[in-house]
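See structure below.
Numbering (this note's numbering), first residue to last: 4 to 1282.
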């Protein structure tokens, strides 16, 4: 390496000592040489150089250290000698003439003269004085000579030391050069023989740029290219020593300076911004890569530099790659401030981390990303992450959303809102704060929160709501009470509920029929006790009796009614009297008597009323016209005699509307029986039977135009069959009791086994699907379906129910659906044993067991144990309440108590299929001898209750046998939804053919209204097991044969319509079915018997998926839809003409808050290019509209911005023109700057379109170019 101070020696070329001198000025050259002047040294005759090893280098370095130590010692000694000489010369001795010998000779002569010559005294004194002077001079001369000898000795020593030091330095330099060569050889893994020295000629005006200040540039070349460089003094040559490869690299680098010319390039504004961000990070990297110094002229968007042609081409290619790598991302309006950050911190951090330029366009609400390919990808990921995290989205959080509220009763939401709004909404404010200040609005009417926030806020809201719900549930107690109790709890003008709150300290909130008590544990306990006291004293029950009791109860100033109320302590309320005064003389009906009081009081009152009703039993006998006269007799003698003999009161009723007459018999059971027997003898009727049916069953018995009842009459000619539809009575008369009984049995069998249909409209009940959403109610409906052999299906979005089954079973289900919306619901549990009734009673027959009372308290129902002749034990448990769900819950609890009291009497039969449940329930009459009752424990299990352990086991065994027989006759198969059409066939031909061939019945379950492609159940039935197996085999063969002729293709959900559209282009033998659908994709099943057609269709579908894509672009405003379409659709037609097969669909937002969208579908390249065109068109339209508004609309003096409108920062014109351009955040531009920018973009678009018209590409913007090698600064081989 060259030394300091202008020394141009190289140890490899000059080893001799030379004095330091400035290099002479070299003559100026006309022009730089185009090629290097390389002068390799001639081969040395020396022997082959030794192999360089680290040990050898270490030895040389050790020798260097020794030389350095010696040099330091010699320098110190020479310095000490020099200092001693200088110190000595500070006090030099005066020079004295003569020498010691001369003075001694002169003194000898004077002494000889004095002794041999006669002289005077004065003369002698003068001689003596001269002798004395000579002695003094002799001493001075001696001292002077000694001083001079010392000085010369020191000078000789100093010169000798400096000569040795210079020789050592020369040796050291030679050794240093040798060590450097050895180190370079180690670095390059070569030998010293492989080194060669070349000479590079450099123009005089470029030598300073090559050498650099204090040789810094030269040292940089040495470090970068692993060479040894030396500048010859007085020449313009640079000598480089290294292996040929490295010499070539440094030759190219130096020639880049030597052959450099001044260049100027125009740069895209985005690329210029990219170069200047991060304090010129990319500019420095570009300079390092191309080894040039670049000057930026921002105002002109140009750069200037000095570089060789090769470097210039590299620089242009790099800048071009930067201009190619671009991307555009649409931004939600609320994300733009968050992407910029406080004082641009966020966007600056992204640019610093990724090395890409982010430029936000507020006109089109998008960000343009420019930079190297990997930087653009990284910046895209960062921006997408911010959009994902920070983009505010409106979310409707329903109370039933498990993700936010957890698993809780969503009906408690209104009370939860009241809990949050308490204490001036302190808890609601805390909830918002815990959710990172999310925007939250309570929509109490729709049971939801309307939320507007980003992903982090929404995630925080989930935990905050669940914590608030948990706190709410710990601080609340709920009651379900009927309307009447609610009014009692509220009191007049809210006086009672205020008193409860004041006494307990709790807050009482009422939502619908539910009472919520909020507060601390002791406060809740006090308020609950007060409410329980009100509810317990005002339980409600209904007793159904004959309307004839009205007169008995109200006679004598309500004497009987007052007696019952006083004895029971219960309030008895009769139904209101009919309008118009006195009731007509017609048939008595059943009336509902409402009882209000405690449970025990209701039990006493109901017992008294039922006993009174039994004492005044009413029976109605239909009479023919001639029979009426016979019963009444002359002047009523006959009827009066019957009343006197039997004690039964008789009355003939007229029904004008029906044209029939009935005889009313009222009295005790014995009196009625005696009167009936007397009437049979009077009318000579040996056999009569009355069937009390419901109106629907009577209508079904009559049939269309009376066809069905005519068939029954024809089958039983020996009896007379009459129907009284209004009174819902069927009368059978005959001479032989057996004939009458046979006809009655035939009628009941007809009503039990005939299949009819009935539709029930929801009306004011609400939606049936909502009413049946409770699992308990749904299970009870399934039990009623099984008991009556009826199937109920909800249709028309829950607005109606279609019933299919026997008339008797449909009648029960109609009563059930009527009760769904009723405020008074009833259920019963038939008891298998009197012991069961005793276990549920308390200490007296009128009281209840404490566990039953606990059920009453928990479910807010009324439970009574009453006589029931249809029950095996003659007793049943009656359960009443305002809510069917609560009544059924109480029913399950009472059954659990029976199982607890009598565990051996209860057993569950599990594994029951859905088709077997009705058959097991309908076999209950066959088990009457075992006093068994059945109930549905779950969808696939039946609970058996009998009066003993033995009977329970026997019934369980018999039901198992019935179940096994049923399983042989029935088989259920699950049919995938996409295979159902193949199974059914056109107009049901396939399933009918399978049924005919197998001699079995095939029933397919109805389709799911919400998911028509859901799997469906196929039930196969035949009494012959072989037929069932044959049907199963035929169905499987049909489905397997169909699937063998199918092929499946998965397509994105966005392409489903386009894929299904291929069906129209396919041959007639090819069919398409959607096999499976998810949120992102769908599986299409293609069926064709012809394998070639099937393969061709699959290939077309796969090609569609591979080459086609769908892209949606959200429009910033609905107002620009017309401008985007153009006059007569000109813009869309132009776009489609440039891209064949491109489909453009623009959908205008129909509702407030919705977004207009542009949907592009076609080949991926065409869609990408069209998307660029659409985005640029949108930007141009928005900018044009903004300019029009600026020119046409004057600024109001004070205009209030809309509440929800985004606030835009005002554009300020700078006071002074400046070259500073803000990077990252959107720069404010005046009108001229915007016009220049727009013209520049239009020119770029036109150039790009012209260059790529053959390929049909409109613009390269927003596409990624080739991968940039931007940060690979070093040339190949120099790493």
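Glycine included, every Cβ here is placed at the ideal spot set by N, Cα and C.
First and last residue of the uninterrupted beta strand (DSSP E) at residue i
i: residue 634; result: Note, residue 634: premise wrong, no beta strand (DSSP E); alpha helix (DSSP H) at 628–635.
i: residue 833; result: 828–833
i: residue 1082; result: From DSSP, residue 1082 is part of no beta strand (DSSP E); its letter is neither H nor E.
i: residue 868; result: 865–870
i: residue 651; result: Unbroken run through residue 651: none, as it is neither H nor E.
i: residue 199; result: 199–204
i: residue 905; result: Here residue 905 belongs to no beta strand (DSSP E), and DSSP marks it neither H nor E.
i: residue 976; result: 973–978
i: residue 736; result: 732–737
i: residue 298; result: 297–300
Separation of residue j from residue i, as counted between CA atoms
i: residue 459; j: residue 289; result: 40 Å
i: residue 399; j: residue 929; result: 56 Å
i: residue 1130; j: residue 1137; result: 12 Å
i: residue 557; j: residue 867; result: 26 Å
i: residue 96; j: residue 112; result: 28 Å
i: residue 390; j: residue 352; result: 16 Å
i: residue 642; j: residue 626; result: 14 Å
i: residue 835; j: residue 636; result: 48 Å
i: residue 1120; j: residue 1093; result: 51 Å
i: residue 521; j: residue 501; result: 14 Å
i: residue 1212; j: residue 528; result: Bear in mind that the predicted position of residue 1212 carries a pLDDT of just 36, short of 50, making it too unreliable to give a figure here.
i: residue 121; j: residue 127; result: 9 Å
i: residue 182; j: residue 258; result: 28 Å
Bounding residues of the alpha helix (DSSP H) (the contiguous stretch that carries residue i)
i: residue 1045; result: 1028–1047
i: residue 703; result: 698–705
i: residue 63; result: 57–92
i: residue 783; result: 778–791
i: residue 1140; result: 1133–1141
i: residue 718; result: 710–718
i: residue 1108; result: 1094–1110
Classification of residue i by the beta-carbon crowding that lies within 10 angstroms, buried from 16 upward
i: residue 523; result: exposed
i: residue 1125; result: exposed
i: residue 261; result: buried
i: residue 1270; result: The predicted position of residue 1270 is uncertain, since its pLDDT is 35 and thus under 50; a value taken from the coordinates is nonetheless stated next. When all chains shown are included, residue 1270 counts as exposed.
i: residue 576; result: exposed
i: residue 666; result: buried
i: residue 1235; result: exposed
Opposing strand residues paired with residue i [DSSP bridges]
i: residue 451; result: 401, 446
i: residue 456; result: 396
i: residue 883; result: 829, 865
i: residue 623; result: 667
i: residue 945; result: 912, 939
i: residue 245; result: 199
i: residue 369; result: 333, 364
Residue i: CB within 8 Å of a non-hydrogen atom of the ligand GTP
i: residue 64; result: This structure simply doesn't include the ligand GTP, nor any ligand for that matter.
Taking contact to mean 3 or more Cβ pairs, one atom from each stretch, closer than 8 Å, check whether the segment 178–189 and the segment 63–70 are in contact.
Enough Cβ pairs lie closer than 8 Å, so yes.
Segment contact, 8 Å Cβ cut-off, at least three pairs: the segment 566–580 with the segment 604–620
The segment 566–580 is in contact with the segment 604–620.
Counting Cβ pairs, one atom from each stretch, are 3 or more of them under 8 Å apart for the segment 491–508 and the segment 449–466?
No: fewer than three Cβ pairs fall under 8 Å.
Contact between the segment 918–935 and the segment 870–883 is defined here as three or more beta-carbon pairs at a separation below 8 Å; is this criterion met?
yes
Would you call the segment 205–225 and the segment 270–277 touching, i.e. three or more CB-CB distances under 8 Å?
no
Does the segment 799–810 come close enough to the segment 756–771 to have 3 or more Cβ pairs within less than 8 Å?
yes
Taking contact to mean 3 or more Cβ pairs, one atom from each stretch, closer than 8 Å, check whether the segment 938–952 and the segment 979–997 are in contact.
no
Is there contact between the segment 357–364 and the segment 308–319, where contact requires at least three CB pairs shorter than 8 Å?
Flag = no, the segment 357–364 and the segment 308–319 do not touch.
Evaluate the contact criterion for the segment 317–328 versus the segment 422–435: three or more CB pairs, one atom per stretch, below 8 Å.
Fewer than three beta-carbon pairs drawn from the segment 317–328 and the segment 422–435 are found closer than 8 Å, and the two stretches are therefore not classed as touching.
Assess, as a yes-or-no matter, whether the segment 340–354 is touched by the segment 286–302 under the definition of 3 or more beta carbon pairs within less than 8 Å.
no
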